[in-house]
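Below: one structure, written as structure tokens.
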Amino acid sequence: MTAFLVALTASILALAGLALDGGLALATKVQAAGAAEAAARAGAQAIDLSAYRLDNRLVLAPDQAVSRAQARLSATGVDGKVTVSGNTVTVVVTTSQRTQLLTLVGISSISVEATGHASPHRGVAPSP
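Residue numbers (mature numbering (1 follows the signal peptide of the UniProt record, and there is no 0)): -16 to -1, 1 to 112.
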């Protein structure tokens, strides 16, 4: 009977840990995704003004796009990787969430990654 109670208690703690720490990890992923999307949008605002004035084309200025996206990440206190490919800014944010209950079974943190993409558009762009 005692072994059954020990196993039952351990199972309940593991399930509670999955619920609590899984929820915290999900919230962290949502925050990371918001930061990645915001940084990508900030980078996508860096258009090459000379190309725009010359023939009305929306072309990214890659160095400025990376700089703006990195500045946005720094302002939110998040680390990330910014790349520009063609007219698209991609931001990848990787962070971790310290666990509360899963530390009891040896899992001290959960790593999460989120990606944001943006490109310049005229006017109001439709949602994907």
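Ideal placement from N, C-alpha and C gives every residue a C-beta, glycine not left out.
Please list, in chain order, all residues of the same chain as residue i whose beta carbon is under 6 Å from its beta carbon, the five residues on each side excluded.
i           : result
Arg82       : Ser93
residue 115 : Lying before the first or after the last residue shown, residue 115 is absent from the chain, which here runs from -16 to 112.
Thr60       : Ala19
Gly1        : Leu85, Leu86
In three-state DSSP terms, what is residue i?
i       : result
Thr87   : helix
Ser92   : coil
Val62   : coil
Val108  : coil
Pro(-6) : According to the sequence provided, residue -6 is Ser. The question's Pro does not apply to it. Helix at Ser(-6).
Gly7    : helix
Gly1    : helix
Using only alpha-carbon positions, find the residue among the options that is nearest to residue i.
i           : options                       : result
Ser(-6)     : Ala28, Leu88, Thr74           : Leu88
Val62       : Thr79, Val14, Asp47           : Thr79
Ala71       : Ser103, Leu8, Val108          : According to the sequence displayed, residue 71 carries Asn and not Ala. The residue with the shortest Cα to Cα distance from Asn71 is Ser103.
Asp47       : Ser58, Gln29, Leu38           : Gln29
residue 113 : Ile91, Val108, His105, Arg106 : There is simply no residue 113 to check, as the chain begins at -16 and stops at 112 in what is shown.
Ala98       : Gln15, Leu(-9), Val(-11)      : Gln15
Once you ignore the five residues that flank residue i on each side, which residues in its own chain have a CB closer than 8 Å to its CB?
i      : result
Tyr36  : Leu42, Val43
Arg106 : Leu42
Could you pull out every residue in the same chain whose Cβ sits closer than 7 Å to the Cβ of residue i, ignoring the five residues on either side in sequence?
i     : result
Thr12 : Thr79, Gln81, Val96
Arg56 : Ala22, Ala23, Ala26
Ala9  : Gln81, Ile94, Val96
Asp39 : none
Could you round the C-beta distance between residue i and residue j to whole angstroms and report it? I think they count as a contact, below 8 Å.
i           : j      : result
residue 126 : Gly100 : A query on residue 126 cannot be resolved here, the shown segment of the chain reaching from -16 to 112 and no further.
Val77       : Ala19  : 5 Å
Ala45       : Ile31  : 7 Å
Val75       : Val66  : 5 Å
Within the 9 Å Cβ cut-off, does residue i reach chain C?
i     : result
Ala26 : Any reference to chain C falls outside this structure, which holds one protein chain only.
>> Quick check for students: name the residue ranges of the beta strand (DSSP E) that lie wholly in the stretch 13 to 56, counting only runs of 3 or more.
In response: none
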